[in-house]
Each structure stands twice: as structure tokens, then as C-alpha cells.
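Per this note's numbering: the sequence shown = residues 13 to 412.
Backbone N, C-alpha and C fix where the C-beta goes; we use that ideal spot for every residue, glycine too.
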Amino acid sequence: MSAIETLFTRAKLADGSIKDIGVADGRIVSIEPTGSIVAAGAIIELEDALVVPGFVEGHIHLDTSFYGDAWIPHKPCTNGFDVHERVAFQAENMAQAAPMDVRARKQLDLCIANGSTHMRSHVMVDGSVGLKSLETVLAVRQEYRGLIDIQLVAFPQSGILKSPGTPQLMDEAIAMGADLVGGLDPASFDRDVEKHLDVVFGVAEKHGVGVDIHLHDGGTLGLFTIEQICARTRALSMGGHVTVSHAYGLGDLSIDAAKRAAALLADSGVSIMTNAPGNHPFPPVALLRSAGVTVFSGSDNIRDSWWPYGDGDMLGRTMMIGYRSGFYTDDELRAAFDVVTESGARALRLKDYGLRVGAKADFVTLNAEHVPEAVVAVPKGRSVYKAGKLVARDGAVLRN
Ligand SMILES: [Zn+2]
Numbered sequence: 013m014s015a016i017e018t019l020f021t022r023a024k025l026a027d028g029s030i031k032d033i034g035v036a037d038g039r040i041v042s043i044e045p046t047g048s049i050v051a052a053g054a055i056i057e058l059e060d061a062l063v064v065p066g067f068v069e070g071h072i073h074l075d076t077s078f079y080g081d082a083w084i085p086h087k088p089c090t091n092g093f094d095v096h097e098r099v100a101f102q103a104e105n106m107a108q109a110a111p112m113d114v115r116a117r118k119q120l121d122l123c124i125a126n127g128s129t130h131m132r133s134h135v136m137v138d139g140s141v142g143l144k145s146l147e148t149v150l151a152v153r154q155e156y157r158g159l160i161d162i163q164l165v166a167f168p169q170s171g172i173l174k175s176p177g178t179p180q181l182m183d184e185a186i187a188m189g190a191d192l193v194g195g196l197d198p199a200s201f202d203r204d205v206e207k208h209l210d211v212v213f214g215v216a217e218k219h220g221v222g223v224d225i226h227l228h229d230g231g232t233l234g235l236f237t238i239e240q241i242c243a244r245t246r247a248l249s250m251g252g253h254v255t256v257s258h259a260y261g262l263g264d265l266s267i268d269a270a271k272r273a274a275a276l277l278a279d280s281g282v283s284i285m286t287n288a289p290g291n292h293p294f295p296p297v298a299l300l301r302s303a304g305v306t307v308f309s310g311s312d313n314i315r316d317s318w319w320p321y322g323d324g325d326m327l328g329r330t331m332m333i334g335y336r337s338g339f340y341t342d343d344e345l346r347a348a349f350d351v352v353t354e355s356g357a358r359a360l361r362l363k364d365y366g367l368r369v370g371a372k373a374d375f376v377t378l379n380a381e382h383v384p385e386a387v388v389a390v391p392k393g394r395s396v397y398k399a400g401k402l403v404a405r406d407g408a409v410l411r412n
């Protein structure tokens, strides 16, 4: 065991036990009953607070939020929800907003203060903005590297086939430092599932990176697209590296059809991201989990052109997932919590995650008796530790 630099005493773990957590070089080196470890370094008394792993914010858009900027009233679509029209509204709003780096920092501070220690953000890469947004967000990621770990997805917000030059831009985005290749409604947006997925999986295979595709299409069209994504994932042996975000279509299926889709997703190693969206059908979280599908979550849009909601709180997100899923028992509430912690870590392929010896010391303290209570009460007054250092307390990010 390495010499303990910081000993966190009286931490209440999820099983109710009170432990001392020893940290050295940013990692957990011991977890033992309180009082059994003698440390020479700093001692931080946690006063029986519930200690949980840092939250995984698995889907957010750092480039498009107006959080912390002037309030921009939501403009409804002319004729029901239309992704094309929403993209056009977004371009109008972005032109009047504060600089992207300023807005991205505000959103990051919000997420970190609420307890997220890991994040996956989609960033627009397409013919309309080129690589400019990615350049900005890459620089902000570098600034925040001691506070939160961030994966970036090259996201073709204007389509891949419909937006000239986008296939080449996706390739350049990965070469520049984006971690995954994104996609957007291959059928309804680009009108060609095969050609859209040819580009997404082609770039991913070339660079050996993962895929995370936005799929809003519902019903059989959504299911058909999911089947094609699963087929590609299996053909390229990319199980565990592919996500379908939203997958609203899974919420439209009969139980039998949903079970078949779940078996296919589990067998293919394709994860599902859901944010338990407002009034949309959304994936059946319990059914998918019981089939072995990794289901994780994210805030998605925070106060942007798509909707005015979002607070960057993944604990609050667990409550929404549980609420919309009809989760009442303690086991169900724990499952909702798992979606924003361990399952998120699995989907993002995070190494060294969790409250265990050898993992990075990324954790959050909560004023709650246990995890089920934390999910329903969403307590504030949290302390957030990244690599054993206090990075946020009571809703504010601390620097130094
Ligand atoms: Zn999104």
C-alpha cells in the first residue's frame, strides 16, 4: 500500500458501513473501517456523509448552451417537432450569444459543482461551423483537465450527407482530438441510413475510436436504424464502443418487440443513452438493463435552442429517470442511480472508476441516509473530490 497522503474519515458507503478512505497520488489506496488506519498526512472528516462515485454526465452539448448568458425564450417549431427547423433556430440564437468558450465554462462549472467528474460532450462538426466549435471546446477541455475528464464526440448537427464536406471534417475532427464519431438520424435527416453509417463507422474504424449516434426517429424507422447500427457494430467487432443516444423508438415498441431489441443491443454491445426526456416516449430502462444493455444518461441540452430546461445535476437526472420509469422500490432507485454512475462509466469505458482500492479518488459527498433516499431527495450541499482534491463545495467550483 502506498503511503496515505490524505485520509477521508467517517465516510458512509452505499452498504451503510462507515469507513476511512486513504488516498495517495490521486487514487484510493485503502478503504478500511473507521479508526483502523493511522495516516501521517492530511485528515478530512466527512462526518458520516454518504460518499458515492463522481457522476458521469454522459451526454451534453458544451457548444450550444446559453446557461449563464442572456435568457433566450424558446421558439416552437412551425408544424410539430422538426429537427431541421430546430437546427436553423439554433444557428440564429448562437449568432447572438456570448462567446462559446465563456458559455462552455459556465456549463462545466455547473456540472462539476453538482458532482460530475466525467463527461461526454457532443460538439458540432459540419459544413456550417467546420472545426471552429471543436477547436474552442478542445481548448476549454484542456483548461478543465484537473477538474473533470471530458470525452468529445464530433457531432454532425447538420447531417453528414446533406452538409457538404462533413465526411472529411469528421475525419479531421478525430485527428484533432475528438474521441468519438457522432451521427444524427441517418434516415430522417440524411435520408440514407447506409451511406450515413458508411461515413460514421468508416471514420471510427479508420481511427480506432467509438461511435455515439443521436437517434430521435421513433417507431419502426428508429428500430430499423438501431438494427443497422447493431449489425455494423458486430461486423466491426466494436461491441462496447457504440452508443445510440435517445433511441426514442425503443419507447414505442410492444413488450415483445422491446425484448427482442434489447437482446440484440446486449448481444451487439451497443449502449443506450437516455435523459428521460419531457413528453417523449423513451427507452424502457428496466427492461433494457435486465437484458444486459448498458443504459446511461446525460443532461443533453441545457437551456439552449432545443428546450429551456436543464440544471447539470446528474443526481436530479436519476430522480427523473426513476420518476418516468415508475421506479419505487429501493432496488429500482439504486438502478436509477447506477445509470449515472457505474453504467455511465462502463459506456464511456472509464478506467479506474468507482469507490474501490486502485480507482481514482473521484467522489461526491451527499447529505442522505442512503442511495435510494439521495435519488428521491436530490440533496444539495455536496462536496466534490477529483483525484482526492476538493474541486467544488455547496454548488461552487473551487480553484486551487
Ligand atoms: Zn444531444
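| Check | Outcome |
| --- | --- |
| Between which two residues does the alpha helix (DSSP H) harbouring Glu-184 extend? | 178–188 |
| Below 9 Å between beta carbons: does that hold for Val-64 and Ala-386? | yes |
| For chain D, find out if any of its Cβ atoms is closer than 9 Å to the Cβ of Pro-293; answer yes or no. | Of the protein chains in the structure, only one exists, and it is not chain D. |
| Taking the alpha-carbon positions, what's the Asp-316 to Ile-84 distance? | 8 Å |
| Identify whether Leu-243 lies in helix, strand or coil by the three-state DSSP scheme. | Per the sequence shown, residue 243 should be read as Ala rather than Leu. Helix, per DSSP. |
| Roughly how far, in whole angstroms, is the beta-carbon of Met-326 from the beta-carbon of Val-388, given that I think they are within contact range, below 8 Å? | Going by Cβ atoms, the distance from Met-326 to Val-388 rounds to 15 Å, so no, they are not a contact pair. |
| Anyone know if the C-beta pair for Val-215 and Ile-225 falls short of 9 Å? | no |
| Looking only at its own chain, which residues have a Cβ that is under 6 Å from the Cβ of Val-390, when we skip the five neighbours before and after it? | Leu-327, Gly-328, Met-331 |
| For the beta strand (DSSP E) holding His-258, just list the boundary residues, first then last. | 254–258 |
| Shortest alpha-carbon distance to Ala-273 belongs to which of Ala-243, Ala-110, His-86, Asp-113? | Ala-243 |
| Any heavy atom of ligand 1 closer than 8 Å to the CB of Asp-229? | no |
| Here's a check: name, in chain order, each residue in its chain whose Cβ is nearer than 8 Å to the Cβ of Pro-45, leaving out the five neighbours to either side. | Ser-29, Ile-30, Lys-31, Asp-32 |
| So which of Val-352, Val-305, Gly-80, Asp-197 has the shortest CA-CA distance to Gly-230? | Asp-197 |
| At what residues does the beta strand (DSSP E) containing Gly-328 begin and finish? | Element bounds for Gly-328: not the beta strand (DSSP E) but the alpha helix (DSSP H), 326–337. |
| Note down the Cα distance separating Asp-138 from His-292, rounded to an integer number of angstroms. | 27 Å |
| Sorry if obvious, but does the Cβ on Ser-257 come closer than 8 Å to a heavy atom of ligand 1? | yes |
| Along the chain, which unbroken stretches of the beta strand (DSSP E) at least 3 residues long are found entirely within the region 40–79? | 54–57, 62–65, 67–72 |
| I think Gly-66 touches Val-396, with their Cβ atoms under 8 Å apart; what is that distance to the nearest whole Å? | 7 Å |
| I'd like to confirm something about His-96: is its beta-carbon nearer than 8 Å to some heavy atom of ligand 1, or not? | no |
| By how many angstroms is the C-alpha of Phe-236 removed from the C-alpha of Val-409? | 44 Å |
| So what does DSSP say about His-219, is it helix, strand or coil? | helix |
| Could you work out which residue in Ala-23, Ser-355, His-219, Pro-320 is closest to Met-285 when comparing CA atoms only? | Ser-355 |
| Is the closest heavy atom of ligand 1 to the C-beta of Asp-312 under 8 Å? | yes |
| Cutting at 8 Å between CB atoms, please list the residues of its own chain near Gln-102, excluding the five before and the five after it. | Thr-76, Gln-169, Asp-316, Ser-317, Trp-318 |
| Determine which residues share a DSSP beta bridge with Leu-192 and list them. | Val-165, Gly-222 |
| Could you pull out every residue in the same chain whose Cβ sits closer than 7 Å to the Cβ of Ile-124, ignoring the five residues on either side in sequence? | Leu-159, Ile-160, Val-396, Val-403, Ala-404, Val-409 |
| Using a 10 Å radius around the Cβ and a threshold of 16 neighbouring Cβ atoms, would you call Pro-111 buried or exposed? | exposed |
| Take the Cβ of Tyr-340 as the centre, count every other Cβ of all protein chains shown within 10 Å, and call the residue buried at 16 or more, exposed below. | exposed |
| With Thr-148 as the anchor, note down where its alpha helix (DSSP H) starts and where it stops. | 144–155 |
| Please report the straight-line C-alpha distance between Gly-177 and Asn-313, rounded to a whole angstrom. | 26 Å |
| So, using beta-carbon positions, are Leu-227 and Gly-263 closer together than 9 Å? | no |
| Measuring straight from C-alpha to C-alpha, what distance separates Arg-301 and Gln-108? | 42 Å |
| Hey, how far is the Cα of Glu-184 from the Cα of Leu-120? | 25 Å |
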